[in-house]
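Q: Okay, here's the structure, questions in a sec.
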Amino acid sequence: MTAATTVRIQREGFDAAAEAARLTRGRTDIGALVTFTGICRGAEAGEPIEALTLEHYPGMAEAEIERHVAEAVARWPLMGVTVIHRYGRIAPGEDIMMVAAASSHREAAFSAAEFLMDYLKTRAPFWKQVEKAGATDWVEAKAADDSAAERWVRPAGRDAAE
Amino acid sequence: MSITLRYFAWVRERIGKPDEVVDVPPGIGTVGELMTWLASRGEEYAHAFENPKIIRAAIDRTHVKAHTPIGTAREIAFFPPMTGG
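Order-wise, the sequence lines are chains A and B.
Last residue of the first sequence: 162 in the working numbering, with the numbers rising by one and none dropped.
Last residue of the second sequence: 1085 in the working numbering, with the numbers rising by one and none dropped.
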């Protein structure tokens, strides 16, 4: 099965609904489409946020996401995958990134979307800086994100049996 | 051996530049040894690498560990744990 894959790293905004619709348009073999959109919140722990600024490692960000999309396509019977991640300054209410996974059935689409999100959080070279009341702080990585990514690691040597 | 180093997020801010080309002295074999050497290059480097256990590294745009040999790397990047998504 050949999956239609799209990976884009961009400064400008995107239309998550249009991107998701593009995966299924004109096809009747897709029975499940899972989309996740990460959105900039307007407050964190009760404190208002003015904006997020995302720094990234150009070249590596694309390569790392493409590696994980290829792994998802190898692991689940997917018909399409789209990952879009923005960088630069993002205001509350704006979309930061999206993942969409299309398959015949929901299990593969849900699993692939979750796998990609968990890996993006811990392996894709992006760093968030938060602006609050004129001051800026780098967002600290969460240990919970590391453990979420670890659950997808398969025991060595089991690949051939699955 | 001349290598391009790239720094991101607060590692970049602490060192005060996004990239530089350095001549790595002989005897430095791994990414971890490179961090120890960099930390000795001045106050700003010492600050950036004060807790080397949390610093992540990539060689030629692929994640590596501190014990990874530098080998024939052209570009080595250092950065904090990632917070995208």
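We put the CB at the ideal spot given by N, CA and C, even for glycine.
A quick note: this is a predicted structure, and the numbers were derived from the prediction, not measured.
In its own chain, which residues sit with a C-beta less than 6 Å from the C-beta of I1059(B), not counting the 5 before and 5 after it?
A: Counting only Cβ-Cβ distances below 6 Å, and skipping sequence neighbours, we find A1073, I1076.
Q: Can you confirm whether L116(A), when its beta carbon is compared against all beta carbons of chain B, has any partner nearer than 7 Å?
A: Judged by the 7 Å Cβ criterion, L116(A) is not in contact with chain B.
Q: With 7 Å as the C-beta to C-beta threshold (strictly closer), list the residues of the segment 1019-1047 of chain B near chain A in chain order.
A: Correct list: empty, as no residue qualifies.
Q: Roughly how many angstroms lie between the CA atoms of H105(A) and F126(A), to the nearest whole one?
A: Between H105(A) and F126(A), the C-alpha separation is close to 31 Å.
Q: Using only CA atoms, which one of T122(A), A141(A), R123(A) lies nearest to V130(A)?
A: Of T122(A), A141(A), R123(A), the residue nearest in Cα terms is A141(A).
Q: What's the gap between the Cα of R1041(B) and the Cα of A1066(B)?
A: Cα-Cα distance, rounded: 19 Å.
Q: Just how far apart, CA to CA, sit T82(A) and E1043(B)?
A: Looking at the two C-alpha atoms, the distance is approximately 44 Å.
Q: Can you list the alpha helix (DSSP H) stretches of 4 or more residues lying completely in the segment 3-81 of chain A, in chain order?
A: As far as the segment 3-81 of chain A is concerned, its whole alpha helix (DSSP H) runs of at least 4 residues are 16-24, 60-75.
Q: What residues from chain B crowd round H85(A), counting only those whose CB sits closer than 9 Å?
A: By Cβ distance, chain B contributes G1084, G1085.
Q: Considering only the alpha carbon of each residue, which of L78(A), D118(A), F36(A) lies closest to W152(A)?
A: Residue D118(A) is the option with its Cα nearest to W152(A).
Q: Hey, is the segment 31-51 of chain A in contact with the segment 96-111 of chain A, meaning 3+ C-beta pairs nearer than 8 Å?
A: Taking 8 Å as the limit for Cβ pairs, the verdict is that the segment 96-111 of chain A does touch the segment 31-51 of chain A.
Q: With respect to the alpha helix (DSSP H) encompassing F110(A), which residues constitute its N-terminal and C-terminal limits?
A: Note, F110(A): alpha helix (DSSP H), 106-123.
Q: Please state if the CB of E64(A) and the CB of R123(A) are separated by a distance shorter than 7 Å.
A: In this structure, E64(A) lies closer than 7 Å to R123(A) by Cβ.
Q: Of all the options D146(A), A135(A), V99(A), A18(A), which has the alpha carbon lying nearest to the alpha carbon of I9(A)?
A: Comparing Cα-Cα distances from I9(A) to each of D146(A), A135(A), V99(A), A18(A), the minimum goes to V99(A).
Q: Between A17(A) and R1012(B), what straight-line distance do the alpha-carbon atoms span, to the nearest angstrom?
A: Each residue's alpha carbon lies about 36 Å from the other.
Q: Using a threshold of 7 Å, state whether the C-beta atoms of I90(A) and L52(A) are closer than that.
A: The answer is yes: Cβ separation under 7 Å.
Q: At a CB-CB cut-off below 8 Å, which residues of chain A make contact with A1073(B)?
A: What A1073(B) touches in chain A: nothing, since even the nearest Cβ is about 13 Å away.
Q: With 7 Å set as the bound, which would you pick, yes or no: does the beta-carbon of V73(A) sit closer than that to a beta-carbon of chain B?
A: No, no contact with chain B.
Q: In this structure, how does DSSP classify T1072(B) when only helix, strand and coil are distinguished?
A: In this structure, T1072(B) counts as coil in the three-state DSSP scheme.
Q: I need the straight-line Cα distance from G1027(B) to P1052(B), nearest angstrom please.
A: Whole-angstrom Cα-Cα distance: 19 Å.
Q: Across which residues does DSSP place M98(A) in a beta bridge pair?
A: Answer is T37(A), I84(A).
Q: Between the segment 123-156 of chain A and chain B, which residues of the former have CB atoms less than 7 Å from a CB of the latter, in chain order?
A: Residues passing the 7 Å Cβ filter: R123, A124, P125, F126, W127, K128, W138, V139, A141.
Q: Return the Cβ separation of L120(A) and G1085(B) in integer angstroms, given the expectation that the two are a contact with Cβ distance under 8 Å.
A: About 4 Å; that satisfies the 8 Å criterion.
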